[in-house]
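Sequential numbering from 36 applies to the sequence shown in my numbering.
We put the beta carbon where it would ideally sit given N, CA and C, even for glycine.
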Amino acid sequence: MFKRISALVLAGLTAMSVAACGSGGSTTAGTSGGGDSTITMGFSQVGAESGWRTANTKSVQDAAKNAGIELKFSDAQQKQENQIKAIRSYIQQKVDVIAFSPVVESGWDTVLKEAQNAKIPVILTDRAVDSKDTSLYKTFLGSDFVEEGRKAGKWLVEEYKDSKDPVNIVELQGTTGSAPANDRKAGFQEIIQADPKFKIIASQTGDFTRAKGKEVMEAFLKSNPDIDVLYAHNDDMGLGAIEAIEGAGKVPGKDIKIITVDAVKDGMQALADGKINFIVECSPLLGPQLMDLAKKVVKGEQVPARVVTEETTFTQEQAKEVLSSRQY
Ligand code: AHR
């Protein structure tokens, strides 16, 4: 639909979008920045599980508006079936480009093939798929999650470099089967395995949510009296775990050292307050780059197969310095 769209047609498309995706999670549609030629993007978001996700959704919606791209947005509520339904609906609606953040890595080939057959380019954003056929998508924009896990592991190794005692670690994993959960686990493991004193004594999913992070940490604390370190795959689970640790009469950041990933404002506040010890940044501000890539792929221009987000890490001191200017 890379053509003039009158207000009437736009209203019709919006209504179709809501109807088509009604059973597949909530859908908000329709922003047009004007201009003669409007690109329509169908975007299937994972859900609203974390502060990171909320910031990512806002970044995508704001960037679409600024770029004059008509955005059809659906929230899959962390369910792959909802994402597949949304993608099929975008194919039916003949959008110009589909972008999505796949909740899990596997099981996308069929629907991606359908998009390819319909000649609709697909952009992966934030999370990857494990499809062998990389021609099924044009590019993948997002973080290097393995590297994030390595950064977490390197901080831990440095922190305990002078200790000979065993270091008992519990791990709160992200959503089972998701790229960030798989990769953050692998990167961390790769670094700590060099020294046998580091032992992961319990590891379970907290689904990237605060509530589940708290629940699982409560269970960890009950069955493991000697936890030295918590590695949480995101801030939200770490923040839930802090509540559990305090509830058990322990001091987060001291009795149990905590490493998380993301660096959203609440996480950075806890870091500045000494309740978290180290955060590996994962930037959710992917919207502007996503819209640039979308314009290029719709025009048929070449884009890099992989665009890696630039990120840093934060100690407690660094968090205090940047907290007031943190955007999300
Ligand atoms: O895919 C990115 C991850 O998803 C973020 O680290 C986490 O907070 C989110 O839910």
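For residue j and residue i, the rounded distance between their alpha carbons
i	j	result
residue 317	residue 73	31 Å
residue 284	residue 247	20 Å
residue 265	residue 335	46 Å
residue 281	residue 166	43 Å
residue 345	residue 183	11 Å
residue 315	residue 338	28 Å
residue 323	residue 199	47 Å
residue 168	residue 132	19 Å
residue 279	residue 333	48 Å
residue 362	residue 98	15 Å
residue 356	residue 144	45 Å
residue 327	residue 100	12 Å
residue 227	residue 192	7 Å
residue 274	residue 195	23 Å
residue 96	residue 173	21 Å
CB of residue i within 8 Å of CB of residue j, strictly
i	j	result
residue 190	residue 349	no
residue 235	residue 204	yes
residue 287	residue 310	yes
residue 390	residue 301	With the chain represented from 36 up to 363, any question about residue 390 goes unanswered, as that position is not in the structure.
residue 75	residue 146	no
residue 158	residue 340	no
residue 268	residue 212	no
residue 175	residue 215	no
residue 114	residue 78	no
residue 406	residue 162	With the chain represented from 36 up to 363, any question about residue 406 goes unanswered, as that position is not in the structure.
residue 80	residue 136	yes
residue 119	residue 155	no
residue 223	residue 202	no
residue 121	residue 160	no
residue 22	residue 138	Beyond the ends of the chain as shown, which are 36 and 363, falls residue 22; an answer cannot be given.
With 16 other Cβ atoms within 10 Å as the buried cut-off, status of residue i
i	result
residue 244	buried
residue 109	buried
residue 296	buried
residue 218	buried
residue 260	exposed
residue 84	buried
residue 360	exposed
residue 117	buried
residue 231	exposed
residue 229	exposed
residue 347	exposed
residue 153	exposed
residue 354	buried
residue 170	exposed
residue 343	exposed
Rounded distance between the beta-carbons of residue j and residue i, thought under 8 Å
i	j	result
residue 321	residue 91	6 Å
residue 325	residue 252	Going by Cβ atoms, the distance from residue 325 to residue 252 rounds to 34 Å, so no, they are not a contact pair.
residue 291	residue 187	That pair is no contact at about 15 Å.
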